[in-house]
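> Residue numbers (the working numbering), protein chains in the order written: chain B, 268 to 381; chain D, 760 to 872.
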Amino acid sequence: AQSVTQPDIHITVSEGASLELRCNYSYGATPYLFWYVQSPGQGLQLLLKYFSGDTLVQGIKGFEAEFKRSQSSFNLRKPSVHWSDAAEYFCAVGGTGGGNKLTFGTGTQLKVEL
Amino acid sequence: EAGVAQSPRYKIIEKRQSVAFWCNPISGHATLYWYQQILGQGPKLLIQFQNNGVVDDSQLPKDRFSAERLKGVDSTLKIQPAKLEDSAVYLCASSQGPSSEQYFGPGTRLTVT
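1. Measuring CA to CA, which of Ile772(D), Arg775(D), Leu804(D) and Asn810(D) is closest to Ala789(D)?
2. Looking only at C-alpha atoms, which of Ser846(D), Pro857(D) and Pro802(D) sits nearest to Gly812(D)?
3. Thinking just about the alpha-carbon of each residue, which of Thr375(B), Gly310(B), Leu369(B) and Ala296(B) is nearest to the one in Arg344(B)?
4. What would DSSP say about Ser337(B), mapped onto helix, strand or coil?
5. Look up Asp815(D) in the DSSP assignment and give the residues it is bridged to.
6. Out of Lys774(D), Ala761(D) and Leu829(D), point me to the one whose CA is closest to Ala841(D)'s CA.
7. May I have the straight-line CA-CA distance separating Phe318(B) from Phe824(D), to the nearest angstrom?
8. Out of curiosity, what's the CA-to-CA distance linking Gly283(B) and Lys378(B)?
9. With a 10 Å radius around its C-beta and 16 neighbouring C-beta atoms as the bar for buried, classify Ala296(B) as buried or exposed.
10. 8 Å is my cut-off, CB to CB: does Glu827(D) come that close to chain B?
11. Answer with buried or exposed for Gly787(D), where buried requires no fewer than 16 other C-beta atoms within 10 angstroms of its C-beta.
12. Would you mind stating whether Val271(B) and Tyr292(B) have Cβ atoms separated by less than 8 Å?
13. Bridge partners of Cys782(D), per DSSP?
14. Of all the options Asp275(B), Leu288(B) and Pro274(B), which has the alpha carbon lying nearest to the alpha carbon of Val330(B)?
15. Against Gly374(B), what residues of chain D qualify as contacts under a CB-to-CB distance less than 9 Å, listed in chain order?
16. Kindly indicate the opening and closing residues of the beta strand (DSSP E) around Glu287(B).
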C-alpha cells in the first residue's frame, strides 16, 4: 500500500528565511511524487512534480524538491520565504502501478512571521 | 483555459438529509476524480472516472455515496443520507489521462449538523 508521511504539522518561519518541508513516502514501485499548496478556501495548486530523471525538481513560486530514493524522501525547499507563502502544503505519491491514484500526506501548515 | 468548476461552494444540511455536488472538469479532460478532505487531513480519493466509466471506487462508501459522470463530462456526487462524519471539503479534479497531472477545483465545503 502506498502512503505519505509529513512529520511536521505546523512550521513557523520568518519572512526571508529558508524553508524545508519534509515528506517521506512508501510505494512499491517507481513513484510519481507531487507537492501541492492549498490556501484557505482554495483548491489544491500543483507546485512541482517528479516523474523521472533529474532528482532535483524546480517548481513554481521559487520552490524546489529533491527526490532521494535511498531515504524515500521528497523534501520541499525554498531559499527565501515570502509572507504570501503562508498556506498548507501537501505531499502526494502516485504512479502507473496504482492507476495514478494519489495518496496524500496530512499536510504541513506554514506560518510566516513578518 | 477555464479551470475545474464546482458548485455549490458551501452547503449546510442536517444529518439524514441528502445532498448533491456538481463538477465540470477542464474541457477535454478524460479523467475525473472526487476527493474527500476532512479537516486536518489530506484529500482521500473517493472515486475515479475514465470518460464515463468507473476506474476506482474502492474507498467510496457505497451504502450512502453515489457518483455518476453522464456523457463523460460533468459529474455529480451524492450523499444520501448524510452523517455527521461526512462533514468535509469535497474536491473534484480532472486530468487529460490517468497518468497526467491533476487539476483541482475550489471544492465544496459540506457541514452536516
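C-beta atoms are modelled at their ideal positions from N, C-alpha and C, and glycine is treated no differently.
Result, derived from the coordinates:
1. Asn810(D)
2. Closest option to Gly812(D), Cα to Cα, is Pro857(D).
3. Thr375(B)
4. helix
5. Gln807(D)
6. Lys774(D)
7. 33 Å
8. One C-alpha to the other measures close to 13 Å.
9. The residue in question, Ala296(B), is exposed, as its Cβ has fewer than 16 Cβ neighbours within 10 Å.
10. no
11. exposed
12. yes
13. Under DSSP, the beta-bridge partners assigned to Cys782(D) are Gln765(D) and Ser834(D).
14. Reading off the sequence, residue 330(B) comes out as Phe, not Val. The residue with the shortest Cα to Cα distance from Phe330(B) is Leu288(B).
15. Gly799, Gln800 and Gly801
16. If you look at Glu287(B), you'll find it in the beta strand (DSSP E) that goes Leu286 to Leu288.
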